[in-house]
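Its first residue numbered 1, the sequence shown is counted upward by one per residue in full-length UniProt numbering. This report refers to the structure that appears directly beneath it.
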Amino acid sequence: MALAAAASGFHLQSISLLPSPCLLSSNPSHLSHNGFPWRRRGGGAAGTVRCAKRTGKRRYPSEKKRLDRRHKELLRQAAPEEGSAGREAGYWRLSKLAVPARDDPGKDFTGVSPPLLQAIAKALKFPVSSMLPEEAFSVIRKSFDARKILKEPQFIYTVDVDVKKLLDMEPRTWDFIARLEPKLGTIEYMSDEKIASDLVSMLNVEKQDSDDGLGLDDIVNNGSLCSPRKKPRVAVVGSGPSGLFASLVLAELGAQVTLLERGQPVEQRGRDIGALAVRRILNLESNFCFGEGGAGTWSDGKLVTRIGRNTDGVQAVMKTFVHFGAPPNILVDGKPHLGTDKLVPLLQNFRHHLKELGVTIRFNTRVDDLVVEDEQVKGVVVSDTRLQLDSPNQTLSFDAVVLAVGHSARDTYSMLLRHNIAMNPKSFAVGLRIEHPQELINDIQYSELAAEVHKGRGRIPVADYKIVKSVGEENADLPEQNRSCYSFCMCPGGQVVLTSTNPSELCINGMSFSRRASKWANSAFVATVSSHDFKSFESHGSLAGVEFQREFERRAAIMGGGNFVVPAQRVTDFLSNRLADKNKLPVANFTKYQYI
Numbered sequence: 001m002a003l004a005a006a007a008s009g010f011h012l013q014s015i016s017l018l019p020s021p022c023l024l025s026s027n028p029s030h031l032s033h034n035g036f037p038w039r040r041r042g043g044g045a046a047g048t049v050r051c052a053k054r055t056g057k058r059r060y061p062s063e064k065k066r067l068d069r070r071h072k073e074l075l076r077q078a079a080p081e082e083g084s085a086g087r088e089a090g091y092w093r094l095s096k097l098a099v100p101a102r103d104d105p106g107k108d109f110t111g112v113s114p115p116l117l118q119a120i121a122k123a124l125k126f127p128v129s130s131m132l133p134e135e136a137f138s139v140i141r142k143s144f145d146a147r148k149i150l151k152e153p154q155f156i157y158t159v160d161v162d163v164k165k166l167l168d169m170e171p172r173t174w175d176f177i178a179r180l181e182p183k184l185g186t187i188e189y190m191s192d193e194k195i196a197s198d199l200v201s202m203l204n205v206e207k208q209d210s211d212d213g214l215g216l217d218d219i220v221n222n223g224s225l226c227s228p229r230k231k232p233r234v235a236v237v238g239s240g241p242s243g244l245f246a247s248l249v250l251a252e253l254g255a256q257v258t259l260l261e262r263g264q265p266v267e268q269r270g271r272d273i274g275a276l277a278v279r280r281i282l283n284l285e286s287n288f289c290f291g292e293g294g295a296g297t298w299s300d301g302k303l304v305t306r307i308g309r310n311t312d313g314v315q316a317v318m319k320t321f322v323h324f325g326a327p328p329n330i331l332v333d334g335k336p337h338l339g340t341d342k343l344v345p346l347l348q349n350f351r352h353h354l355k356e357l358g359v360t361i362r363f364n365t366r367v368d369d370l371v372v373e374d375e376q377v378k379g380v381v382v383s384d385t386r387l388q389l390d391s392p393n394q395t396l397s398f399d400a401v402v403l404a405v406g407h408s409a410r411d412t413y414s415m416l417l418r419h420n421i422a423m424n425p426k427s428f429a430v431g432l433r434i435e436h437p438q439e440l441i442n443d444i445q446y447s448e449l450a451a452e453v454h455k456g457r458g459r460i461p462v463a464d465y466k467i468v469k470s471v472g473e474e475n476a477d478l479p480e481q482n483r484s485c486y487s488f489c490m491c492p493g494g495q496v497v498l499t500s501t502n503p504s505e506l507c508i509n510g511m512s513f514s515r516r517a518s519k520w521a522n523s524a525f526v527a528t529v530s531s532h533d534f535k536s537f538e539s540h541g542s543l544a545g546v547e548f549q550r551e552f553e554r555r556a557a558i559m560g561g562g563n564f565v566v567p568a569q570r571v572t573d574f575l576s577n578r579l580a581d582k583n584k585l586p587v588a589n590f591t592k593y594q595y596i
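This is the structure:
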């Protein structure tokens, strides 16, 4: 097991060293296992790092009031309106339906099984589950819960009940539906309008229903960006998720879109990444950060959101991924994950669709500057990244420019600063990445159930974890109190990858393929830093945090000895603030390590 002393993560989290070893020390509520190397023998909490203890949410007075208001709102929604079909229409959403893992068909099954029908019958208070028609129910979400506080591991379901279909197929359920009452967090009434479709279908429906078109020209013309009866010309800079979806929506709305990407399409980008991973040859414009699909393409493909997993907006985006080739189970999985191997063909399909819409896609085209006249953006200045020497710049005129450049386009940030574009520094996270055997994590999380993982091919999902450690008043020696350390971008069955964009700087990340079959797991451990931490770089203005990143990435590169060799330590050595014992070095998946 080793800690790699280089950066990882998104949202400008590409920094190298953790601010203090104390952030990962002593807490009796973190990863505990007799064979876990982080735990010191002979007692003492100073070297103990255990898996986050899972407890119920605390309810503060203000939150209780909000929940009470939400409950009253649910009751109003469930009350039938005058002249409506009442409870004979619409949907009931049943949440937190538990099925024991031993009875469930497994993680890859997203249908309605007999054990799930039993849980539904219990929620509806219907006496005979076998009388319920499977066709009346649809699984919206499925997750796995193996918390130690439970008697046994469970699959947790969210299910929608189609009331009309249920009553048509089994009229004897009417009395039970009529008595059903909303219950916050478990039972919710929904209108007859089902969750939104994918964005492509939604936009096509809008175009068919609109008498005067979609109105994009009117919107742009009212802003005086172009003349009437002329399609607005829009440049989208960057082909990551934001850039791709912006191009999709704008093109469907009728704009003349040009998508500009400094890197290569995924086919060539894969070869450039292979050269970096195997031969340590870095292409400055086509690597783990730059290229079609953005930094996430060769990352992990996690589709995790904290803005409402089952909301219409999130579901529309997820269904758009499925429209372009993602597996349908991402619509149901509690922790949806694509994997790099699934992302590549998805991006190819996305690109072909954009071209069919008339989008001009220019790869190997870096935006070096903006064309600004009378405080309005009139275009961009671009150069060809395939040319070794300085290529002649080309000026392209547009009515609007969308910047979707991602977290590593530091040259773009500097260019915006030269144009006096308002930018504010914000807090972000820096840290290390830890790697350990996946079987160890399976054993810790699942105990005897770990035997059913089978490297991602079994009934039980590959185990992951989440760790949080807060530094409080008990650490009086620390210069800053109330800082926390937490795990981020945990990659079960994954691997550590290089994400450097400069040969003199070192940065790493984690990724997993869709099956998560690797025998290794890895995760970032990060701590939040604020403007106070990079105060010494305040001469760089709004980009002080970026310079802070560069400084630590340069230090990591020097510690590794160059050539993208990553400095690393055993966790026990890191926590004890000592150098590695050369006779006790572990085997690791990431081979280019320099132990320190």
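A virtual CB, placed ideally from N, CA and C, is assigned to each residue, including glycine.
Taking all protein chains shown into account, do 16 or more other C-beta atoms lie within 10 angstroms of the C-beta of residue i, making it buried, or fewer, making it exposed?
| i | result |
| --- | --- |
| residue 511 | buried |
| residue 262 | buried |
| residue 82 | Low per-residue confidence applies at residue 82: pLDDT is 47, beneath 50, and the placement is therefore not dependable enough to give any value. |
| residue 460 | buried |
| residue 149 | exposed |
| residue 233 | buried |
| residue 311 | exposed |
| residue 569 | buried |
| residue 305 | exposed |
| residue 186 | exposed |
| residue 434 | buried |
Could you check the C-alpha separation between residue i and residue j for me, to the nearest Å?
| i | j | result |
| --- | --- | --- |
| residue 410 | residue 382 | 16 Å |
| residue 618 | residue 547 | As displayed, the chain neither begins before 1 nor continues past 596, which places residue 618 out of reach and without an answer. |
| residue 29 | residue 282 | Unreliable positioning characterises residue 29 in this predicted model, as indicated by a pLDDT of 34, which lies under 50. The coordinate reading is nonetheless provided below. Using only the alpha carbons, I get a separation of about 42 Å. |
| residue 498 | residue 529 | 23 Å |
| residue 432 | residue 505 | 15 Å |
| residue 563 | residue 292 | 25 Å |
| residue 32 | residue 444 | Annotation note: pLDDT 34 at residue 32 (below 50); position unreliable, coordinate value reported separately. Spanning the two alpha carbons is a distance of roughly 7 Å. |
| residue 396 | residue 356 | 22 Å |
| residue 344 | residue 295 | 12 Å |
| residue 278 | residue 565 | 12 Å |
| residue 533 | residue 332 | 41 Å |
| residue 318 | residue 248 | 15 Å |
| residue 301 | residue 351 | 18 Å |
| residue 580 | residue 110 | 47 Å |
| residue 468 | residue 429 | 13 Å |
According to DSSP, is residue i helix, strand or coil?
| i | result |
| --- | --- |
| residue 204 | helix |
| residue 13 | Its pLDDT being 31, under 50, residue 13 is placed unreliably in this model, and the value from its coordinates should be taken loosely. Coil. |
| residue 522 | strand |
| residue 298 | coil |
| residue 53 | At residue 53 the pLDDT is 43, less than 50, meaning the model places this residue with poor confidence and gives no usable figure here. |
| residue 303 | coil |
| residue 243 | helix |
| residue 156 | strand |
| residue 510 | strand |
| residue 84 | For residue 84, the predicted structure reports a pLDDT of 43, less than 50, and the residue's modelled location is therefore unreliable. The matter cannot be settled from this model. |
| residue 600 | It is not possible to answer for residue 600, since the shown part of the chain is limited to 1 through 596. |
| residue 454 | helix |
| residue 488 | strand |
| residue 573 | helix |
| residue 148 | coil |
| residue 128 | coil |
| residue 234 | strand |
| residue 41 | In this predicted model, residue 41 has a pLDDT of only 37, less than 50, meaning its place in the structure is not dependable enough to derive any value. |
| residue 115 | helix |
| residue 585 | coil |
| residue 578 | coil |
So residue i packs on residue j, CB below 8 Å; how close in whole Å?
| i | j | result |
| --- | --- | --- |
| residue 321 | residue 330 | 6 Å |
| residue 545 | residue 425 | 5 Å |
| residue 97 | residue 156 | 7 Å |
| residue 290 | residue 273 | With a Cβ gap of about 11 Å, residue 290 and residue 273 do not count as contacting. |
From which residue to which residue does the alpha helix (DSSP H) around residue i run?
| i | result |
| --- | --- |
| residue 189 | Here residue 189 belongs to no alpha helix (DSSP H); instead the beta strand (DSSP E) covers 187 to 190. |
| residue 268 | 266 to 279 |
| residue 465 | No alpha helix (DSSP H) holds residue 465; DSSP gives it neither H nor E. |
Kindly indicate the opening and closing residues of the beta strand (DSSP E) around residue i.
| i | result |
| --- | --- |
| residue 437 | 428 to 437 |
| residue 379 | 376 to 384 |
| residue 604 | The chain is shown from 1 up to 596; residue 604 falls before or after that span and cannot be answered. |
| residue 368 | 365 to 373 |
| residue 362 | 360 to 362 |
| residue 494 | 494 to 498 |
Counting only C-beta atoms, is residue i closer than 8 Å to chain B at any point?
| i | result |
| --- | --- |
| residue 380 | The displayed structure is made up of one protein chain only, and chain B is not part of it. |
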